[in-house]
Amino acid sequence: MSQTEFNENFSSTKFDHLTREDLIQKNSVLESELFLAFKEIYRLKNQNLTDDQLKLVMSEQLGELQSTIYGASSERYKKPSKNKEPKLPPMPRPKLPSERYPNVPVREELLPFNEVPTCDACGSALVDSGMTEDSEQLNVIPKRFEIVRWVRPKFRCSCHSCIKLPPVPPRIIPGSSYSDKMILDVVASKYCDLIPVQRYVAMAARSGLKGLPPQSLIELTHQFAQFVKPVYEIIKQELKTSRVLHADETPHKMLEGSDTKSWYL
Numbered sequence: 154m155s156q157t158e159f160n161e162n163f164s165s166t167k168f169d170h171l172t173r174e175d176l177i178q179k180n181s182v183l184e185s186e187l188f189l190a191f192k193e194i195y196r197l198k199n200q201n202l203t204d205d206q207l208k209l210v211m212s213e214q215l216g217e218l219q220s221t222i223y224g225a226s227s228e229r230y231k232k233p234s235k236n237k238e239p240k241l242p243p244m245p246r247p248k249l250p251s252e253r254y255p256n257v258p259v260r261e262e263l264l265p266f267n268e269v270p271t272c273d274a275c276g277s278a279l280v281d282s283g284m285t286e287d288s289e290q291l292n293v294i295p296k297r298f299e300i301v302r303w304v305r306p307k308f309r310c311s312c313h314s315c316i317k318l319p320p321v322p323p324r325i326i327p328g329s330s331y332s333d334k335m336i337l338d339v340v341a342s343k344y345c346d347l348i349p350v351q352r353y354v355a356m357a358a359r360s361g362l363k364g365l366p367p368q369s370l371i372e373l374t375h376q377f378a379q380f381v382k383p384v385y386e387i388i389k390q391e392l393k394t395s396r397v398l399h400a401d402e403t404p405h406k407m408l409e410g411s412d413t414k415s416w417y418l
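In the working numbering, the protein residues as written are 154 to 418.
Set out below in structure tokens:
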């Protein structure tokens, strides 16, 4: 059938009186008859195909027919020009660090000219337009150690019988030479980030704090355990009220003298 004959048959008015439901029903009947015809054709060719294979063959032939009738262009898909390369869709704009990490604080730095810039065309001095060109980059502030010296003024009475000092804030380990922030950093590094004490000492040395005694840091973790022991006891009592306790009983190999034994954490 030629293209002209196909268009004449397709534009015939013999389907104008049918409703949408009638057309859907007729289309379903035609699809069933076409499927049976395909099945009979391949049976006569001694090719016993399954129903899924027949549907795949029909779909491929339908695609070839549509390509032959409509070509590579249509109202929706225009045929690409031979002289122009196909235009790629625009790439999405990457998110700025402030958009990707909204909880991270932003610090602005003004980058000034070292000298007044001049125009490339006439050589005149340029003036500030009030506009800026902004760009962002994610930065990291390396760990920095410092010594905090508390200075408490002494108040005395004129009778020379009383001297008072401002109270010291409560601390995790009273009288310790390590601040609460230092203690929490050591504990979080060891038990949350799984950083051994010796490695923490090496990392501190790279940051400028050399000679940090490992044994003192180990003592900090033991004293911190005593500090949080009341919370541990409360959690344990809460767990004991449950009918079922879930536990990880995976054994771990640990050294016990010269032998290796299995232990539970």
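Glycine is no exception: its CB is placed at the ideal position from the N, C-alpha and C atoms. No experiment lies behind these values; they were computed from the predicted model shown.
Using three-state DSSP, classify residue i as helix, strand or coil.
i	result
A400	coil
T172	coil
T394	coil
T285	coil
I316	strand
F377	helix
S253	One point to set straight first is that residue 253 is Arg, not Ser, in the sequence displayed. Of the three classes helix, strand and coil, the one that applies to R253 here is helix, per DSSP.
K382	helix
F308	strand
E409	strand
K296	coil
A358	helix
K334	helix
K192	helix
A274	coil
S415	strand
D205	helix
K389	helix
Q368	helix
M211	helix
Taking 7 Å as the threshold (beta carbon to beta carbon), is residue i in contact with chain D?
i	result
F377	Included in the structure is just one protein chain, with no chain D present.
Quick one: is residue i buried, meaning 16 or more other Cβ sit within 10 Å of its Cβ, or exposed?
i	result
K393	exposed
V182	exposed
K343	buried
A278	exposed
A357	buried
V350	buried
Below 8 Å on the Cβ atoms is my contact criterion, and I expect residue i with residue j to pass it. Report the Cβ-Cβ distance as a whole number of Å.
i	j	result
G361	F298	6 Å
F188	L207	7 Å
R302	P319	Not a contact, Cβ separation roughly 14 Å.
Can you tell me which of the options puts its alpha carbon nearest to the alpha carbon of residue i?
i	options	result
D333	Q390, L370, V304	L370
D281	P265, C275, P295, K296	P265
E262	T285, Q214, S411	T285
R260	K389, N267, S251	S251
(message) So, does the region 330-337 touch the region 276-291, judging by three or more C-beta pairs under 8 Å?
(response) no
(request) Assess, as a yes-or-no matter, whether the region 362-379 is touched by the region 316-331 under the definition of 3 or more beta carbon pairs within less than 8 Å. (result) yes
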